[in-house]
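*Asks:* Residue numbers (our numbering), protein chains in the order written: chain S, 1 to 481; chain D, 1001 to 1138.
C-beta atoms are modelled at their ideal positions from N, C-alpha and C, and glycine is treated no differently.
Source: prediction; values computed, not measured.
Below are the structure tokens for one structure; questions will follow.
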Amino acid sequence: MKNPALPALCALLLAACNPAPEQKAAPTDPYDISRMDLKPVPSKVSNERHKGAFAEGASLSNVPELKPLDPSPVKTVRLDTTHKIIEIAPGVRFSAWTFGDHVPGPTIRAKVGDRIKFSMTNRSDEPVPGVRLTAAPMMHSMDFHAAMVSPQDKYKSIAPGQTIEFEFTLNYPGVFMYHCGTPMILEHIASGMYGAVIVEPKNGYPTKADREYVVIQSEFYAKAPGKGDKSGVYTLDGERLRASQPTHTVFNGVHNGMVKNPLPAKPGERVRLHVLNVGPSKTSSFHVVGTIFDRVWFEGNPDNQMRGMQTVLLGSSNSATVEFMIPEEGSYIMVDHHFANASQGAIGLISTAAKPPAKDLEHHNMPSVEASPTDPEAVKGQLAFQSKCLACHSIGQGKKLGPDLAGVTKHRSVDWLTRWLKEPEKMLQTDADAKALLKEYNNIPMPNQALSDAEVKEYIKYFQWYDALPADKKPQAQGGH
Amino acid sequence: MLRRHLATLLAALVPAAALACGYCVEDKIASVYDHAAVAKALGERHHTVYFHVDGPLGKDERTKKAIEAAAASSAGVDRASVRVNVETLTLGLSFDPRRVRLVALQSELEKKLARQRLTLLPLRIIEAPGDLATIHSR
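Quick look at the structure:
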């Protein structure tokens, strides 16, 4: 006869011999969707026009600055849209469209779990003091990549005079782009309507940085004012825009801006850069000369970590937070290592000195446009030269891969230069001087740039302008080292 | 009447259901929005209305011109205000509400566009500065 208590007794003994492993608490998934705040609140559109500051909110900073995190869990942010003239390079005043009256727009800093209460008035119809040449008022919108919301409800376009309000919670850490999403989106972004949202992990970053900055890379497609246009204002070049042929590729909205105003850091300090490539159409190979990225958090999220990186590749709207040490006194050069972009202005410095000497700028293609021609064709030629030629040529700063072009119009005829710029490969077969040049420059041929007759003329006008300048008026560092 | 209600219902559904990013109602309006024309209309107490153009619409200059001509020749319409975007299938125009009611204007336009088998869905109307009102809520 079986004892009915026996099975229970056996089970008890077995349990005593093989104690159950200690119950470990399952790790919490920081990306558990069920814990995220996805509760929708409908947007509101009204006819109430905000008349105060164009940008408001304790969480806002203007690049490259990044204020400490505002501890409030609810961040009220206002970024009104405006049309204004900005200077993207010395002498290049561009008709821009903005968020918060800045290009790039102010950076929003917050952390995971924070609520953003956003409002925006379309003030593109407000007159700009002293200038009557901004683009016509138009509809605009806001698209936050940091948000998880219905685009049809939150990102809808509003007319001049209207205000939109919506809110969302930040669920993922990262460096996120915001931009205008009104068609043609390409034109709105290329005109300056973008910025960054820095979202820290809920418990902060795993490292402690001594310096923290924001670097936003973007392109401009600027068309010089036509003949007879005395405004001097550059406008968006639609053809270049659609062909992805920028005239300027810049950090933080200004050609070589952080060369003139370097970001300070001291030897031994750890620098954290939040880098966003806005595009709209080019990639960025972001690199800092003289150091190695100790950490790269792709898209600004420490869970996407890489160590010991030299360069980080960013597509349009990609970002990374990079950290590195400043090993010793010096100027450390931030650059898009795609040097066609760098030569258009995507260069900046992190310097242990407030104003580093120009000789420290060892790196590549840093044109200064302190002196500029006034003839529109020569202006175009200068822009094209700075965009396409500085990787191989300087003007007045010595030989590079190709000749220094200072004085070129004095010892070459316009006809020769025209043929050379138009069909260099033919010249290399038939022209003795061209053959000699090839030999002198290590058999590196001048590439055919498929220039139009007008473009060739513009280059020559620029060279003629330069050569006609008195020696003491010639600009320095036109593409030198 | 039923058709009218159906049209307004469809217009309300267009942004979320039928059109991809960049082509919701406000984006369609943005594609033909002309601030100078709107400001002029408001100054004359005229209204500016935006329609979705439905039907076999060719994305060519000829079709665009045909719609522009139909709109510009309709009673009460401000000729210079007519804007057509065949990519986003949108028509915008200003009109004098004292001369023609919106319902009558749409009806006349649709008669003119019947040969092309095009119909119009009213999207939004501007009657006051900063206004962009939904038509079905009126």
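#1: Is DSSP giving Thr207 (chain S) helix, strand or coil here?
#2: Can you list, in chain order, the residues of its chain with a C-beta nearer than 8 Å to that of Ala222 (chain S)? Leave out the 5 residues immediately preceding and following it.
#3: Measuring straight from C-alpha to C-alpha, what distance separates His140 (chain S) and Gly279 (chain S)?
#4: Can you name the residues that DSSP bridges to Met325 (chain S)?
#5: Identify, in the order they occur along the chain, each residue of the same chain with its Cβ nearer than 6 Å to the Cβ of Ser452 (chain S), setting aside the five sequence neighbours on each side.
#6: Let me check understanding here. Comparing Cα to Cα, which of S:Thr121, S:Ile395, S:Pro225, S:Pro262 lies closest to Tyr459 (chain S)?
#7: Whether or not the region 310-322 of chain S and the region 287-298 of chain S are in contact is what I'm after, with contact meaning three or more pairs of Cβ atoms, one per stretch, closer than 8 Å; do they touch?
#8: Contact check, Met138 (chain S) vs Phe168 (chain S) under 8 Å by CB: the rounded distance?
#9: Within the same chain, show all residues whose beta-carbon is closer than 6 Å to that of Asp303 (chain S), passing over the 5 residues directly before and after it, in chain order.
#10: What does the Cβ neighbour count give for Met177 (chain S), buried or exposed, with the cut at 16 atoms within 10 Å?
#11: Which one of S:Thr291, S:Lys44, S:Ser46 has the shortest CA to CA distance from Arg270 (chain S)?
#12: Tell me whether the region 1101-1109 of chain D and the region 1119-1130 of chain D touch, counting them as touching only if at least three CB pairs, one residue from each stretch, are closer than 8 Å.
#13: Are any of the Cβ atoms in chain D nearer than 7 Å to that of Thr81 (chain S)?
#14: Hey, does Leu1057 (chain D) have any beta-carbon neighbour from chain A nearer than 7 Å?
#15: Could you list the residues in the region 144-168 of chain S with a C-beta less than 9 Å from some C-beta on chain D, going in chain order?
#16: Name the residues in the region 100-130 of chain S whose C-beta lies less than 7 Å from a C-beta of chain D; which are they?
#17: Is there contact between the region 75-83 of chain S and the region 39-59 of chain S, where contact requires at least three CB pairs shorter than 8 Å?
#18: Say whether chain D places a C-beta atom closer than 7 Å to the C-beta of Asp472 (chain S).
#19: Could you work out which residue in D:Thr1088, D:Thr1048, D:Ser1081, D:Lys1028 is closest to Leu1057 (chain D) when comparing CA atoms only?
#20: For Pro42 (chain S) and chain D, any beta-carbon pair shorter than 7 Å?
#21: Per DSSP, what kind of secondary structure is Glu455 (chain S) in: helix, strand or coil?
#22: Rounded to a whole number of angstroms, what is the C-alpha to C-alpha distance between Val1082 (chain D) and Gly1130 (chain D)?
#23: Would you list, in chain order, the members of the region 1048-1072 of chain D that have their beta-carbon closer than 8 Å to a beta-carbon of chain S?
#24: Can you tell me whether Lys75 (chain S) is buried or exposed? The criterion is at least 16 other CB atoms within 10 Å of its CB, across all chains shown.
#25: Can you check whether the C-beta of Ala190 (chain S) is within less than 7 Å of a C-beta belonging to chain D?
#26: Does DSSP put Ser1081 (chain D) in a helix, in a strand, or in coil?
#27: Cβ atoms of Leu1132 (chain D) and Ser135 (chain S): under 7 Å apart, would you say?
#28: Since Ile333 (chain S) and Pro267 (chain S) are thought to touch, with beta carbons under 8 Å apart, how far apart are those beta carbons, to the nearest angstrom?
#29: Find out if the Cβ-Cβ distance for the pair Phe166 (chain S), Phe99 (chain S) is shorter than 7 Å.
#30: Please state the DSSP three-state secondary structure of Lys75 (chain S).
#31: Apart from the five residues just before and just after Asn122 (chain S), which ones in its own chain have a Cβ nearer than 6 Å to its Cβ?
#32: To the nearest angstrom, report how far apart Ala1039 (chain D) and His1047 (chain D) are at their CA atoms.
#33: Any idea what DSSP makes of His411 (chain S), helix, strand or coil?
#34: Secondary structure at Ser285 (chain S), three-state DSSP: helix, strand or coil?
*Replies:* Working from what's here:
#1: Residue state, collapsed to three classes: coil.
#2: If we look at Ala222 (chain S) and ignore the five residues flanking it on each side, its Cβ neighbours are Ile88, Val92, Phe94, Tyr234, Thr235, Leu236, Asp237, Thr247, His248, Leu383.
#3: Counting only the Cα atoms, Gly279 (chain S) lies some 19 Å from His140 (chain S).
#4: BP columns for Met325 (chain S) point to S:Arg270.
#5: Here the set comprises nothing.
#6: With respect to the C-alpha of Tyr459 (chain S), the residue from S:Thr121, S:Ile395, S:Pro225, S:Pro262 having the closest C-alpha is S:Ile395.
#7: The region 287-298 of chain S, when compared against the region 310-322 of chain S, does touch it at the 8 Å Cβ threshold.
#8: Actually they do not touch by this definition, with Cβ atoms about 25 Å apart.
#9: Close CB contacts of Asp303 (chain S) within its chain, under the 6 Å cut and outside five residues either way in sequence, are absent.
#10: Result: buried.
#11: Taking only the C-alpha atoms, the option nearest Arg270 (chain S) is S:Thr291.
#12: Verdict: yes, contact present.
#13: Not an interface residue.
#14: Checking the listed chains, one finds no chain A in this structure; the protein chains it contains are S and D.
#15: Taking 9 Å as the upper bound on Cβ-Cβ separation, chain D lies near residues Ser150, Pro151, Gln152, Asp153, Tyr155, Lys156, Ser157, Ile158, Ala159, Pro160, Gly161, Gln162, Thr163 of the region 144-168 of chain S.
#16: For the region 100-130 of chain S, the set of positions with a beta-carbon nearer than 7 Å to some beta-carbon of chain D reads Asp125 in chain order.
#17: Flag = yes, the region 75-83 of chain S and the region 39-59 of chain S touch.
#18: For Asp472 (chain S), the closest Cβ of chain D is not nearer than 7 Å.
#19: Proximity to Leu1057 (chain D) across D:Thr1088, D:Thr1048, D:Ser1081, D:Lys1028 peaks at D:Thr1088, based on C-alpha coordinates.
#20: It does not; no Cβ of chain D falls within 7 Å.
#21: In the three-state reduction of the DSSP assignment, Glu455 (chain S) falls in the helix class.
#22: Here the alpha carbons of Gly1130 (chain D) and Val1082 (chain D) stand approximately 20 Å from one another.
#23: Hits within the stretch: zero.
#24: It counts as buried.
#25: Residue contact check for Ala190 (chain S) against chain D: no CB pair falls below 7 Å.
#26: Of the three classes helix, strand and coil, the one that applies to Ser1081 (chain D) here is helix, per DSSP.
#27: Just to set this straight, residue 135 (chain S) is Ala in the shown sequence, not Ser. In this structure, Leu1132 (chain D) does not lie closer than 7 Å to Ala135 (chain S) by Cβ.
#28: A Cβ-Cβ distance of about 16 Å is found for the pair Ile333 (chain S) and Pro267 (chain S), leaving them out of contact under the 8 Å criterion.
#29: Not in contact: Phe166 (chain S) and Phe99 (chain S) (Cβ atoms no closer than 7 Å).
#30: Three-state result, Lys75 (chain S): strand.
#31: Spatial neighbours of Asn122 (chain S) in its own chain (CB-CB distance under 6 Å, excluding positions within 5 residues in sequence) are listed in chain order as Thr81, His140, Ile158, Pro160, Gln162.
#32: Counting only the Cα atoms, His1047 (chain D) lies some 10 Å from Ala1039 (chain D).
#33: Residue state, collapsed to three classes: helix.
#34: It is a strand residue.
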